[in-house]
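*Asks:*
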Amino acid sequence: MSDQSIKRHTMIAWMEDKPGVLNRVASLFRRRNYNIESLAVGHSETPGISRMTFVAKGTDRDMRQIQTQLDKLINVIDIQDVTYEPVVMRELALIKVKASNGSRAEVMQLVDIYRARVIDVDLDTLIVQIVGPEDRVASFIKLLSNFGIEEMTRTGRIAMVRGPKSEKQIEVEEAVSSS
Amino acid sequence: MSDLKTGGQIIWESLMKEGVEVVFGLPGGAILPAYDDLMKYEYPVHHVLVTHEQGASHMADGYARATGRVGVCIATSGPGATNLTTGLGTAYMDSVPMVAITGQVPNSLLGRDGFQEADVQGISIPVTKHNYLITDIKDLASAIKEAFYIARTGRPGPVLVDIAKDVLQATTEYEYPETVYLPGYKPNLNAPDPASVTRAAKLLNEAKKPLIVSGQGVSIAKAEKELRELAEKANIPVATSLLGIGTFPATHPLAIAWGGMHGEAYTNYAMQDCDVMFAVGARLDDRLTGAFDLFAPNAKIIHVDIDPSEMGKNITIDTPVIGDALLTLRELLPQVETTEHPAWLAQIREWKEETTDRDILTQETDELVAPYVIQQMWHATNEGDAVIVSDVGQHQMWEAQYFYHTKPRSLLTSGGAGTMGYALPAAIGAQMGRPDEEIWVVAGDGGFQMTMVELSTVMQERLPIKIAIINNGFLGMVRQWQDVFYNKRHSGTPLYNPDFVKLAEAYGIPAISVTKKEDAYAAIKKAQEHDGPFLIDFQVEEFTNVYPMVAPGKSNVDMIRRPMPAGLEDEA
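Respectively, the protein sequence lines represent chains A and B.
Going letter by letter, the first sequence gives residues 1 to 179 in this note's numbering.
Going letter by letter, the second sequence gives residues 1001 to 1572 in this note's numbering.
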């Protein structure tokens, strides 16, 4: 019943927005030796509840371990593996790229093709912003690296299940309001 | 305003609301306001002053394991709190309900490396079920309420509440909350999914060679009676984990001892050969299973545990049943058919007889060997009518092999963490919780010395604890590994011991040493007859090792067996 192959899984966790919660999550990942590729956390629609998307690599059984161990943390309200769900996934990157007189036009053209945006201009550099699935972000970065990337920051993947409000979302809201 | 309470008062009044009768602690700067407030109460919680905070944590643990109630320890900031961590880790590994209260530097010094400041919340994250840092008095009462609730419900565990000193001194209106708000806490208090129970029953009914592995979860859920009903109804042999000892009477005809690294050979053969294993309240750790991939290779495994993260953590499970052991057994019992398994039970009996041939006690020797001491203790305690608190090492394994526990909560020992030095302080906690019980410490000479400073606590509280040191002059179990895996190179294992009799006497505890086999029983009797604590230094044969032994990473059938005694080799 269980897939033995190692693959990337996308997980969403809903957590109480309290000091130290991220520390608990990070501590768990570290001490249980889980292979986490990215992690993004911020406010959810519910005050006091933050929402984390993280990407982990492993078998289905590894993922069940991560899920159940994480769920044991008192401040973690719920967790969902959305790898097999219809889901939209996005990442945002800011890239400071060299763009002198000779290369500026070419960089701008790539920005256009990738539907990225220039958000800051300096004499020899541009800061460009790209939002999209990670593979598109990655290929954009690869192309920009030919011009010389001076600085870069990426948010990591965030994800949301398509369609009406998910059952998990309803469970989370019930847990928060009834407990 | 007379109804304003200080943070210190809130601690004590909340503990009293939780029914706490005794706490184990040691004061210091950051927790002092709470200690001062303790004196405001006419009938306060009884405070046991310990000698070292590690002792406080093991005492709270021993109290909790002996009684099933939440054990409480208290310490000051910095080193006081870090000294608790060994005990927290011990309790966490063995699912023991505990609340630790620690003082922290005041808010004004937090994060500034103040005197005796340590990040106790950060340090204790991996060794607690949950923890709190309280920097505002309005959060204090609810944190204590939640701490007790979390510690004792679901899979129990230790919870730490770290409180800034100025919070202890501040005042507020106090009301102990009736309920907790914990939206993320899922203790699995309900009965398991009925479909999973039905699947389990079907497997058990179809089994030709079924086996129960009973763990401490049965004791936590108080499901010993139901476990026995299941075993007797379907004639299923019952093995236990080390911490499961006492969940099924060791003298019962269906009892087949405990399995694993130093489990009896016949128990390991039965675990490896069964076709359906019903593991209940046991987390199937590496010391029980041997190599994970080679464990019970022909068995369909039913795993009953209240903690979903235990399912498939180490062993591939066929039928997970997530729930409390008692609720699960109650659902399961009517669905299990009355059966007998004569061929299977006969096979196990045959294995067992072969084990008896190799038993160390059937090998003739005039020497005082540790298993003999344990056997005499069992006889002297009216065949097991006592609580044994064992330390960690060879003596712990012999105790578990030769003391036949028939009662729940009659063996307290550090299983998962393997914490040397556990026994003496844990016995103090156990005796505080069960004052009328005969309590024995069984400790090696190495482990005993790690926490023997608590002998002063024994005397201070006038506790009639009996102490048996199994003294072989070595860190015995480590020495055994050197014998087996390191070509007998005894690096760092011979001990330079004090005179334990004089040591005990320095504390005012009468003591004798025993060097001869024929004196062992009388010495135990003498200790029992003495009205108060008593210490016996059993100077046992040095080089006896524990058998069988499964090397780490090997299958449980791949045992190093005790050699056959002379004269029996031919039949083997």
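Where a beta carbon is used, it is the ideal one built from N, C-alpha and C, also for glycine.
These numbers come from a predicted model, not from an experiment.
Using a threshold of 8 Å, state whether the C-beta atoms of LEU94/A and ILE127/A are closer than that.
*Replies:* Reading the first sequence from its first residue, position 94 is the one you call residue 94/A. Reading the first sequence from its first residue, position 127 is the one you call residue 127/A. Against a cut-off of 8 Å, the Cβ pair of ILE127/A and LEU94/A comes out as a contact.
*Asks:* For chain A, check one thing: does any of its Cβ atoms lie closer than 8 Å to the Cβ of GLN1104/B?
*Replies:* Looking up residue 1104/B in the second sequence gives position 104. By this cut-off, GLN1104/B is not an interface position.
*Asks:* Distance check for TYR1266/B and ARG1349/B, CA to CA, integer angstroms please.
*Replies:* Within the second sequence, numbered from 1, the residue matching residue 1349/B stands at position 349. Within the second sequence, numbered from 1, the residue matching residue 1266/B stands at position 266. Approximately 8 Å, taken between the alpha carbons.
*Asks:* Quick one: which chain A residues come within Cβ less than 9 Å of SER1108/B?
*Replies:* Counting from one through the second sequence, the residue named residue 1108/B turns up at place 108. Near SER1108/B there are no residues of chain A at all, since even the closest Cβ is about 18 Å away, more than 9 Å.
*Asks:* Identify each residue in the segment 40-72 of chain A for which the Cβ-Cβ distance to at least one residue of chain B is less than 8 Å, and report them in chain order.
*Replies:* ARG61, ARG64, GLN65, THR68, GLN69, ASP71 and LYS72
*Asks:* Looking at the C-beta of MET1/A, does it have a partner C-beta in chain B at a distance below 8 Å?
*Replies:* On the first sequence, position 1 is the one that residue 1/A refers to. In this prediction, MET1/A scores a pLDDT of 45, lower than 50, which makes its location untrustworthy; the coordinate-derived value is nonetheless stated afterwards. No, MET1/A does not count as interfacial toward chain B.
*Asks:* Using three-state DSSP, classify ILE1470/B as helix, strand or coil.
*Replies:* Start at 1 with the first residue of the second sequence, and residue 1470/B comes out as number 470. Residue state, collapsed to three classes: strand.
*Asks:* With DSSP as the reference, label THR1339/B as helix, strand or coil.
*Replies:* For the purposes of this step, residue 1339/B is identified with residue 339 of the second sequence, where counting begins at 1. Looking at THR1339/B - three-state DSSP - the assignment turns out to be coil, as it is neither helix nor strand.
*Asks:* Can you grab the Cα-Cα spacing for the pair MET1001/B / TYR1041/B, in whole Å?
*Replies:* Taking the second sequence and counting its residues from 1, the one referred to as residue 1001/B is at position 1. Taking the second sequence and counting its residues from 1, the one referred to as residue 1041/B is at position 41. Low local confidence applies: a pLDDT of 49 at MET1001/B is under 50, so the model's placement there is unreliable, with the coordinate-based value given in what follows. For MET1001/B and TYR1041/B, the distance between alpha carbons rounds to 18 Å.
*Asks:* How many angstroms separate the CA atom of LYS1186/B from the CA atom of ALA1520/B?
*Replies:* Against the second sequence, residue 1186/B aligns to sequence position 186. Against the second sequence, residue 1520/B aligns to sequence position 520. Taking the straight line joining both Cα atoms gives about 51 Å.
*Asks:* With distances taken between CB atoms, is the gap from LEU1329/B to ALA1223/B smaller than 8 Å?
*Replies:* Here residue 1329/B refers to the residue found at position 329 of the second sequence. Here residue 1223/B refers to the residue found at position 223 of the second sequence. Cβ distance < 8 Å, so LEU1329/B and ALA1223/B count as in contact.
*Asks:* TRP1378/B and TYR1404/B look like a contact to me (Cβ under 8 Å); what is the Cβ gap, rounded to whole Å?
*Replies:* The residue labelled residue 1378/B in the question sits at position 378 within the second sequence. The residue labelled residue 1404/B in the question sits at position 404 within the second sequence. Yes, TRP1378/B and TYR1404/B are in contact; Cβ-Cβ is about 6 Å, under 8 Å.
*Asks:* Along chain A, which residues have their Cβ under 7 Å away from the Cβ of TYR1185/B?
*Replies:* Here residue 1185/B refers to the residue found at position 185 when the second sequence is read from its first residue. The answer, in chain order, is ILE74.
*Asks:* Check whether the Cβ of ILE1101/B sits closer than 7 Å to any heavy atom of the ligand SAH, and report yes or no.
*Replies:* Absent from the structure shown: the ligand SAH. Ligands present: none.
*Asks:* In whole angstroms, give me the CA-to-CA distance for THR59/A and HIS1303/B.
*Replies:* The residue you call residue 59/A lines up with position 59 of the first sequence. The residue you call residue 1303/B lines up with position 303 of the second sequence. So the two alpha carbons sit approximately 21 Å from each other.
*Asks:* Since VAL176/A meets chain B, which of its residues come closer than 7 Å, beta carbon to beta carbon?
*Replies:* Taking the first sequence and counting its residues from 1, the one referred to as residue 176/A is at position 176. Those within 7 Å of VAL176/A in chain B are PRO1183.
*Asks:* Excluding the 5 residues flanking LEU1475/B on each side, which residues of the same chain have their C-beta closer than 6 Å to its C-beta?
*Replies:* The count along the second sequence starts at 1 and reaches residue 1475/B at position 475. Answer for LEU1475/B: GLY1446 and THR1493, listed in chain order.
*Asks:* For GLU171/A, which residues in the same chain have their Cβ closer than 8 Å to its Cβ, ignoring the five residues on either side in sequence?
*Replies:* The residue given as residue 171/A occupies position 171 in the first sequence. Correct list, in chain order: ASP78.
*Asks:* Buried or exposed for HIS1058/B, please, with buried defined as at least 16 other CB atoms from any protein chain shown within 10 angstroms of its CB.
*Replies:* Along the second sequence, one-based indexing puts residue 1058/B at 58. Classification of HIS1058/B: buried, given that the 10 Å Cβ count is 16 or more.
*Asks:* Could you tell me which uninterrupted alpha helix (DSSP H) segments, each at least 4 residues in length, are contained entirely in the segment 1176-1238 of chain B, listed from first to last along the chain?
*Replies:* 1194-1206, 1216-1220 and 1224-1234
*Asks:* Measuring straight from C-alpha to C-alpha, what distance separates THR1549/B and ASN1487/B?
*Replies:* If you number the second sequence from 1, residue 1549/B lands on position 549. If you number the second sequence from 1, residue 1487/B lands on position 487. Reading the sequence as shown, one finds Met at residue 1549/B and not Thr. Each residue's alpha carbon lies about 16 Å from the other.
*Asks:* Would you say SER27/A lies against chain B (beta-carbon separation less than 8 Å)?
*Replies:* The residue you call residue 27/A lines up with position 27 of the first sequence. At least one chain B Cβ lies under 8 Å of SER27/A.
*Asks:* Taking 8 Å as the threshold (beta carbon to beta carbon), is GLU16/A in contact with chain B?
*Replies:* Along the first sequence, one-based indexing puts residue 16/A at 16. Yes - at least one Cβ of chain B is within 8 Å of the one on GLU16/A.
*Asks:* Grab me the residues of ASP1275/B's own chain with a C-beta within less than 8 Å of its C-beta, minus the 5 sequence neighbours each way, in chain order.
*Replies:* Residue mapping note: residue 1275/B aligns to position 275 of the second sequence, counting from 1. Closer than 8 Å at Cβ, skipping near neighbours: ALA1207, LYS1208, LYS1209, PRO1210, ASN1298, ALA1299 and LYS1300.
*Asks:* Within this structure, are the beta carbons of LYS1147/B and SER1077/B separated by less than 8 Å?
*Replies:* Here the question's residue 1147/B lines up with position 147 in the second sequence. Here the question's residue 1077/B lines up with position 77 in the second sequence. Inspection of the sequence shows that residue 1147/B is occupied by Ala rather than by Lys. Not in contact: ALA1147/B and SER1077/B (Cβ atoms no closer than 8 Å).
*Asks:* Please list, in chain order, all residues of the same chain as ARG1479/B whose beta carbon is under 7 Å from its beta carbon, the five residues on each side excluded.
*Replies:* Taking the first residue of the second sequence as 1, we reach residue 1479/B at position 479. Cβ neighbours of ARG1479/B beyond the five flanking positions: HIS1490 and THR1493.
*Asks:* Any idea what DSSP makes of GLU151/A, helix, strand or coil?
*Replies:* Position 151 of the first sequence holds residue 151/A. The answer is strand: DSSP assigns GLU151/A an E or B state.
*Asks:* Thinking just about the alpha-carbon of each residue, which of SER178/A, GLU174/A and GLN169/A is nearest to the one in SER44/A?
*Replies:* As a working mapping, residue 44/A is identified with position 44 in the first sequence. Comparing Cα-Cα distances from SER44/A to each of SER178/A, GLU174/A and GLN169/A, the minimum goes to GLN169/A.
*Asks:* Measure from the C-beta of ILE12/A to each C-beta in chain B and report whether the shortest distance is under 8 Å.
*Replies:* Along the first sequence, one-based indexing puts residue 12/A at 12. Answer no: the Cβ-Cβ gap between ILE12/A and chain B never drops below 8 Å.
*Asks:* Measure from the C-beta of PRO1308/B to each C-beta in chain A and report whether the shortest distance is under 8 Å.
*Replies:* Here residue 1308/B corresponds to residue number 308 of the second sequence, with the count starting at 1. It does: the Cβ of PRO1308/B has a partner Cβ on chain A nearer than 8 Å.
*Asks:* Taking a cut of 7 Å between CB atoms, which residues from the segment 1148-1172 of chain B lie near chain A?
*Replies:* ILE1150
*Asks:* Within this structure, are the beta carbons of VAL1096/B and THR1457/B separated by less than 8 Å?
*Replies:* On the second sequence, residue 1096/B is found 96 positions in, with the first residue counted as 1. On the second sequence, residue 1457/B is found 457 positions in, with the first residue counted as 1. Their beta carbons are not under 8 Å apart, which means VAL1096/B does not touch THR1457/B by this criterion.
*Asks:* For the putative contact between THR1251/B and THR1406/B, defined by C-beta atoms under 8 Å, what is the C-beta separation to the nearest angstrom?
*Replies:* Here residue 1251/B refers to the residue found at position 251 of the second sequence. Here residue 1406/B refers to the residue found at position 406 of the second sequence. Confirmed, about 6 Å.
*Asks:* For the segment 1362-1376 of chain B against the segment 1541-1548 of chain B, are there 3 or more C-beta pairs whose distance is under 8 Å?
*Replies:* yes
*Asks:* Could you check whether ILE1101/B and ILE1163/B sit closer than 8 Å to each other, using their CB atoms as the reference points?
*Replies:* Residue mapping note: residue 1163/B aligns to position 163 of the second sequence, counting from 1. Residue mapping note: residue 1101/B aligns to position 101 of the second sequence, counting from 1. Yes. Within cutoff.
*Asks:* Tell me which residues of the segment 1123-1149 of chain B have at least one Cβ-Cβ distance to chain A shorter than 8 Å, keeping chain order.
*Replies:* ILE1125, PRO1126, LYS1129, HIS1130 and LEU1133
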